[in-house]
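Under full-length UniProt numbering, the sequence shown is numbered contiguously, ending at residue 396.
Glycine included, C-beta positions come from ideal geometry on N, C-alpha and C.
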Amino acid sequence: MSDPQRCPVVIVGGGMAGLALALLLRHHGQPQVTLIEAAPLDGPGDPLTPSFDARSTALSAGSLTIFDTLGIGAALRQQAAPIATVDVSRRSRLGHTRMSAAEEGLPMLGAVVENRWLGRVLLDAAAADQGIRVLAPMQTQGVRRLADGYAVLLPEATLHCDLLIAADGAHSRTREALGISARHHDLGHDALIANVELGVDHHGIAWERFLDDGPLALLPLPGRRMALIWTGPRARMAELNALSDDALLAALQDAIGPDRLHPFTRLGTRHCYPLVLTQASAQVVPYAVVVGNAAHTLHPVAGQGFNLTLRDLAALAECVGASEQPGALATLSQYVAGRAADQALVGHASRWLPELFRVRFGPFAHSRQLGLAALDLWPGLRSAFAARAMGLAHGN
1 MSDPQRCPVV IVGGGMAGLA LALLLRHHGQ PQVTLIEAAP LDGPGDPLTP SFDARSTALS
61 AGSLTIFDTL GIGAALRQQA APIATVDVSR RSRLGHTRMS AAEEGLPMLG AVVENRWLGR
121 VLLDAAAADQ GIRVLAPMQT QGVRRLADGY AVLLPEATLH CDLLIAADGA HSRTREALGI
181 SARHHDLGHD ALIANVELGV DHHGIAWERF LDDGPLALLP LPGRRMALIW TGPRARMAEL
241 NALSDDALLA ALQDAIGPDR LHPFTRLGTR HCYPLVLTQA SAQVVPYAVV VGNAAHTLHP
301 VAGQGFNLTL RDLAALAECV GASEQPGALA TLSQYVAGRA ADQALVGHAS RWLPELFRVR
361 FGPFAHSRQL GLAALDLWPG LRSAFAARAM GLAHGN
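Pasting the structure below:
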């Protein structure tokens, strides 16, 4: 085996978080970043890593701003649908609110992009940056702590880095190798994912519908398509997934409300994903950081998982770029402290919001409708809520 190669920063995991972080680190002055991904990244057409699957991501206005600073916002928007309005309602109950870009004085509240296109844009940007070295497909053989960093063991080489970043998913092998444990909480619910097509324009409206057994979201995509994310108990989702296309579209029309959207005309390929919440016991140790799904995963109810991660990554890159000792525990602890409030707020909301809307006991069932009504009647409160959802609230 050849002598160890010195690499300032090594990121393990070439999905959305890993690639975005590599670009952000370069933006903040990191001279060289090495990114290692187990899956092939150079296949024809769509990226092949599992991160860039059939799902879509709702990018908040704040996330779009971050991508604009990296120079890739325009490319993302080429195949993204702007969110002009967010409509939130509760089935069979009072309470309903709408948040609009016009009310907030913004061109859009965010945009929805399919993960495959997001992956393509990130990969192209990384490939065009001579300061980013991508090793894929490449499987790490383990990591070893050094006095001033980590050794990353590869099949035919060893990399010595000042900062090691684990971005290899909820079941991160790198996180485990760092000695950081994680809690995995299976909610017993699944998310049924598919693209659907309308007979008319969706006008950029994103729909969030709270049902008795879980939330349902329809997000605008380019053309007349919408991304469906329907969550609920595993058995119920299995029943829905077993229906014919026509029967499933009829069930969807009934769930969203026949007067809310024009009839659906077509259903795309379906996928079911288990909803498992992951929380790492720590996000940093000396010379190493855990990010993305390796650090925390959220319920998809508010579409905030990747937006929260992107805010994490932007803050980490800024912290590392401003420090002469990027792997020092003091530097990394500063990053964690700065992100604690945002992570806690979004994490709590993603856990409790679905449960709150499933409660049927009288006083609580009534109070949640008052919450929606208050948002609808009080524009200032609605604006504050919208700012937080868009990633534009102070401190984010």
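| Helix or strand or just coil, what does DSSP make of Ile66? | Translated into positions along the sequence shown, residue 66 becomes position 66. Three-state DSSP puts Ile66 in a helix.
| task | Please specify which runs of the alpha helix (DSSP H), each continuous and at least 4 residues long, are wholly inside the region 185-241, giving them in chain order. | result | 234-241
| So, is Ser63 buried or exposed, given that buried needs 16 or more other C-beta atoms within 10 angstroms? | Here the question's residue 63 lines up with position 63 in the sequence shown. Burial call: buried.
| query | How about the region 117-130 and the region 138-157: do they share at least three Cβ pairs that are nearer than 8 Å? | reply | no
| said: Just to confirm, is the Cβ distance from Gly15 to Ile36 under 9 Å? | reply: Within the sequence shown, numbered from 1, the residue matching residue 15 stands at position 15. Within the sequence shown, numbered from 1, the residue matching residue 36 stands at position 36. No; because the gap between Cβ atoms is not below 9 Å, this pair is not in contact.
| task | Decide if the region 192-199 is in contact with the region 308-326; the criterion is three or more beta carbon pairs, one per stretch, under 8 Å apart. | result | no
| said: Short of 7 Å in beta carbon distance, which residues of its chain neighbour Leu154, apart from the five on each side in sequence? Order them along the chain. | reply: In the sequence shown, residue 154 corresponds to position 154, counting from 1. Taken in chain order, the residues that qualify are Met138, Thr140, Gln141.
| query | Roughly how many whole angstroms lie between the Cα atoms of Val291 and Gly110? | reply | Start at 1 with the first residue of the sequence shown, and residue 291 comes out as number 291. Start at 1 with the first residue of the sequence shown, and residue 110 comes out as number 110. Spanning the two alpha carbons is a distance of roughly 23 Å.
| request: Specify the secondary structure class of Ile72 as computed by DSSP and reduced to three states. | output: Residue numbering aside, residue 72 sits at position 72 when the sequence shown is read from its first letter. The answer is coil: DSSP assigns Ile72 none of H, G, I, E or B.
| What's the call for Ser172, buried or exposed, on a 16-neighbour Cβ count within 10 Å? | Taking the sequence shown and counting its residues from 1, the one referred to as residue 172 is at position 172. So Ser172 ends up on the buried side.
| Pairwise C-alpha distance: Pro40 and Ala177 | The residue given as residue 177 occupies position 177 in the sequence shown. The residue given as residue 40 occupies position 40 in the sequence shown. The straight-line gap from Cα to Cα measures roughly 23 Å.
| task | Please go through the region 279-325 and give each complete alpha helix (DSSP H) segment of 4 or more residues, from N-terminal end onward. | result | 305-321
| field | Assigned exposure category for Gly169 - 16 Cβ within 10 Å defines buried | value | Within the sequence shown, numbered from 1, the residue matching residue 169 stands at position 169. Buried, because 16 or more other Cβ atoms sit within 10 Å of the Cβ of Gly169.
| said: For Glu114, tell me which candidate among Thr57, Leu146, Thr97, Asp129 has the shortest Cα-Cα distance. | reply: If you number the sequence shown from 1, residue 114 lands on position 114. Nearest option by C-alpha distance: Thr57.
| Using the rule of at least 16 other Cβ atoms within 10 Å of the residue's Cβ for burial, across every protein chain shown, is Gln78 buried or exposed? | The residue you call residue 78 lines up with position 78 of the sequence shown. Label assigned to Gln78: exposed.
| said: Could you tell me the alpha carbon to alpha carbon distance between Tyr335 and Ala315, rounded to whole angstroms? | reply: In the sequence shown, the residue the question calls residue 335 occupies position 335. In the sequence shown, the residue the question calls residue 315 occupies position 315. Each residue's alpha carbon lies about 7 Å from the other.
| request: Check whether the Cβ atoms of Ala17 and Val33 lie closer than 9 Å to each other. | output: By 1-based counting over the sequence shown, the position of residue 17 is 17. By 1-based counting over the sequence shown, the position of residue 33 is 33. The answer is no: Cβ separation not under 9 Å.
| said: Does Glu156 come out as helix, strand or coil in the three-state DSSP assignment? | reply: Locating residue 156 in the sequence shown gives position 156, counting from the first residue. Glu156: coil per DSSP, three-state reduction.
| message | Once DSSP output is grouped into helix, strand and coil, what is the label at His271? | response | Position 271 of the sequence shown, counted from the start, is the residue given in the question as residue 271. Note: His271 maps to strand in three-state DSSP.
| Counting Cβ pairs, one atom from each stretch, are 3 or more of them under 8 Å apart for the region 256-265 and the region 276-295? | no
| field | Rounded C-alpha distance that separates Asp213 from Asp245 | value | Indexing the sequence shown from 1 puts residue 213 at position 213. Indexing the sequence shown from 1 puts residue 245 at position 245. So the alpha carbons of these two residues sit roughly 21 Å apart.
| message | Could you give the first and the last residue of the continuous alpha helix (DSSP H) run that contains Gln253? | response | Taking the first residue of the sequence shown as 1, we reach residue 253 at position 253. Unbroken alpha helix (DSSP H) run through Gln253: 245-256.
| Local conformation of Leu24 per DSSP, three classes | Translated into positions along the sequence shown, residue 24 becomes position 24. It is helical.
| Distance between Thr65 and His27 (C-alpha atoms, nearest Å) | Indexing the sequence shown from 1 puts residue 27 at position 27. Indexing the sequence shown from 1 puts residue 65 at position 65. So the two alpha carbons sit approximately 14 Å from each other.
| One or two residues paired with Ile36 in a DSSP bridge | Translated into the one-based positions of the sequence shown, residue 36 becomes position 36. Answer is Val12, Leu135, bridged to Ile36.
| query | Relative to the alpha-carbon of Ile256, which residue among Arg183, Ala217, Gln279 has its alpha-carbon at the smallest distance? | reply | As a working note, residue 256 is residue 256 in the sequence shown. Ile256 has its Cα closest to that of Ala217, out of Arg183, Ala217, Gln279.
| query | What span of residues does the alpha helix (DSSP H) with Leu178 cover, start to end? | reply | Residue mapping note: residue 178 aligns to position 178 of the sequence shown, counting from 1. Note, Leu178: premise wrong, no alpha helix (DSSP H); not H, not E.
| task | In angstroms with no decimal places, state the Cα-to-Cα distance between Ala61 and Glu156. | result | Stepping through the sequence shown from its first residue, residue 61 is reached at position 61. Stepping through the sequence shown from its first residue, residue 156 is reached at position 156. When rounded, the distance between both Cα atoms is 43 Å.
| request: Starting from the Cα of Ala102, find the closest Cα among Arg236, Gly204, Gly232, Leu59 and give me that residue. | output: The sequence position of residue 102 within the sequence shown is 102, counting from 1. Residue Gly204 is the option with its Cα nearest to Ala102.
| query | Based on the DSSP output, what are the partners of Ser60 in its beta bridges? | reply | The residue given as residue 60 occupies position 60 in the sequence shown. Answer is Gly110.
| field | Anticipated Cβ contact below 8 Å, His184 with Thr278, distance rounded | value | The count along the sequence shown starts at 1 and reaches residue 184 at position 184. The count along the sequence shown starts at 1 and reaches residue 278 at position 278. At roughly 5 Å, the Cβ-Cβ gap stays under 8 Å, so His184 and Thr278 are in contact.
| field | Three-state secondary structure (DSSP) of Gly169 | value | As a working mapping, residue 169 is identified with position 169 in the sequence shown. If DSSP states are grouped into helix, strand and coil, Gly169 belongs with coil.
| task | Would you mind sorting Val200 into buried or exposed? The rule is 16 or more other CB atoms within 10 Å of its CB. | result | For the purposes of this step, residue 200 is identified with residue 200 of the sequence shown, where counting begins at 1. Flag for Val200 reads exposed.
| field | Inter-residue spacing [alpha-carbon to alpha-carbon] between Gly179 and Leu221 | value | In the sequence shown, the residue the question calls residue 179 occupies position 179. In the sequence shown, the residue the question calls residue 221 occupies position 221. Spanning the two alpha carbons is a distance of roughly 41 Å.
| What do you get for Glu208, buried or exposed, if any count of 16 or more other CB atoms within 10 angstroms of its CB means buried? | Taking the first residue of the sequence shown as 1, we reach residue 208 at position 208. Classification for Glu208: buried.
| task | Determine the DSSP secondary structure at Thr265, reduced to helix, strand or coil. | result | Here residue 265 is taken as the residue at index 265 of the sequence shown, counted from 1. Of the three classes helix, strand and coil, the one that applies to Thr265 here is strand, per DSSP.
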